[in-house]
Structure formats: C-alpha cells, structure tokens
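Counting from 14, one number per residue, gives the positions in the sequence shown under the working numbering.
Cβ coordinates follow ideal geometry from the N, Cα and C atoms, glycine included.
Just so it is clear, the structure is predicted and the values come from calculations on it, not from any experiment.
See structure below.
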Amino acid sequence: MQTHIRDEFEDWSLGFPVLLKNVPMAQVRGDVAPQVNAHDFQHAVLWLLAHRPEPLSGRQVRFIRQWMQKTLADFAQLVGMTSHQSVMKWEAKENQPTGMHKSTEILLRCRILEALPEEVWERFEANERGREGFIHRIEGVSAFDRNAERTVVELDAGDCGRVGENDLFLCDDQPRA
C-alpha cells in the first residue's frame with residue numbers, strides 16, 4: 014500500500030463536506046482514500062459541530078441523529094420537540110441552515126457533547142469539572158451566529174485524535190472540483 018500526505022482532501026463520507034488538512038492518503042485497490050481512524054474522525058467532527066460558529070445544516074443534523082442511533086421521533090424528543098416532522102423538515106434543508114430555534118440548537122449541541130465518550134473530552138482537553146466546566150461548555154455551544162455565512166467543517170487530519178479551538182479552519186461550503 015502506497016501512502017503520501019495530501020495538503021487538503023474534501024471528504025463527503027458523513028453527508029456534508031469536511032475539509033481534511035495534511036491528510037495521509039493511501040492507494041487501496043486503485044482508489045486513493047484518506048488514512049484516518051473513522052471512529053476518531055466522527056468524534057472530532059461531532060466536537061467541531063457542537064462548537065461551530067454558525068447554525069447546523071440539515072445534513073449535519075442527519076449525521077448527528079444517525080450517529081446517536083435515534084429514530085426521527087426519538088431525536089425529536091431528545092431536543093424537546095413533540096413531533097418527528099420537525100426533524101424531517103430540518104434534515105430536508107440539506108446543506109442549508111435548518112431554521113431550528115436557537116434554544117433548540119443549543120440543546121442539541123449540549124446533547125452532542127453529552128453523548129461523546131469521556132476519552133473525547135480528555136482528548137480535547139475539555140475535562141473541566143463542576144460548575145465552571147458546565148458554564149464554559151454552555152458558553153461554547155451557545156456562541157454561534159444564526160446569520161453567519163455557511164462554511165465547511167475543516168480539520169487537520171493529524172488532529173483527528175486531538176482538535177482544539179485553534180485547529181478549526183473554515184472555508185466556503187461549495188464542493189471542490
């Protein structure tokens with residue numbers, strides 16, 4: 014298996030664009046693919062989605078729901094909605110912001126963090142305990158602008174196991190050629 018480092022690679026395996034930086038690539042059966050741990054990759058993306066400076070897109074919500082292994086109805090209940098139809102409407106937005114109420118999205122972001130295993134919190138050096146840790150996390154997930162310009166999730170492949178605040182890079186939301 015032949016490997017090389019690629020400066021950038023746009024991955025759509027989660028249903029939305031994630032721009033990986035400095036990603037090791039390998040040729041497997043004629044195809045070139047990124048060599049990152051899928052489990053760690055999903056956790057890093059979930060952490061970044063919870064802390065994004067903009068609203069979540071429909072595809073991002075669908076990924077979150079599927080990762081949590083929730084039905085539409087169970088997911089609606091998880092974020093305080095009475096009907097699964099709200100979740101269907103959000104997911105139907107595809108690459109556009111869902112339009113969900115900000116308080117609902119804040120709750121969803123908190124639920125993402127709640128669902129991530131302890132080792133992810135430790136990896137991201139966010140293992141603050143007690144009231145201060147809780148307040149810090151709530152501030153982090155609440156600080157997004159509903160009118161922010163849409164961007165793609167971007168991270169350095171070497172940081173799939175440890176992504177901090179300074180490792181998040183943003184770029185346009187258009188597929189790369």
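Cutoff 6 Å; reference residue i; Cβ partners in own chain excluding five residues on either side
i     : result
Pro68 : Pro110 and Arg159
His97 : Leu85, Ala86 and Ala89
8 Å contact criterion, which residue i and residue j should meet: CB distance rounded
i      : j      : result
Arg122 : Val154 : 4 Å
Gln79  : Gln40  : That belief does not hold up - the Cβ atoms of Gln79 and Gln40 are roughly 29 Å apart, past 8 Å.
Gly28  : Arg75  : 6 Å
Ile125 : Leu59  : 5 Å
Extent of the continuous beta strand (DSSP E) run through residue i
i      : result
Gln15  : That residue, Gln15, is in no beta strand (DSSP E); it is neither H nor E in DSSP.
Glu107 : Note, Glu107: premise wrong, no beta strand (DSSP E); not H, not E.
Asp169 : Thr164 to Asp169
Leu32  : Val31 to Val41
Val87  : Residue 87 is actually Asp in this sequence, not Val. From DSSP, Asp87 is part of no beta strand (DSSP E) but of the alpha helix (DSSP H) over Leu85 to Leu91.
Asp44  : Asp44 to Pro47
Residue i - containing alpha helix (DSSP H), residue span
i      : result
Leu121 : Lys115 to Ala128
Arg136 : Glu131 to Arg136
Neighbourhood of residue i by C-beta distance below 8 Å, restricted to the same chain and skipping five residues each side
i      : result
Phe22  : Leu32, Leu33, Val36, Met38, Pro47 and Ala170
Pro188 : Any reading at Pro188 needs caution, since the residue's pLDDT is 40, under 50, leaving its predicted position unreliable; the model's value is listed next. If we look at Pro188 and ignore the five residues flanking it on each side, its Cβ neighbours are Glu23, Trp25 and Pro30.
Leu120 : Val92 and Gly93
Ala105 : Gly71
Given residue i as reference, the closest of the options once Cα atoms are compared
i      : options                         : result
Met94  : Trp134, Asp24, Asp20 and Glu118 : Glu118
Val166 : Gly43, Val133 and Ala57         : Ala57
Glu162 : Ala63, Asn108 and Lys102        : Asn108
Gly71  : Trp103, Glu131 and Asp44        : Trp103
Arg150 : Ala63, Gly112 and Glu131        : Ala63
Neighbourhood of residue i by C-beta distance below 7 Å, restricted to the same chain and skipping five residues each side
i      : result
Phe157 : Arg65, Pro66, Glu67 and Pro68
Val133 : His56 and Trp60
Leu129 : His56, Leu59 and Trp60
Lys83  : Leu91
Inset, instruction - Write down every uninterrupted run of the alpha helix (DSSP H) in the segment 50–74 whose length is 4 residues or greater and which is fully enclosed by it, in chain order. - result: DSSP runs (the alpha helix (DSSP H)) wholly in the segment 50–74: 51–63.
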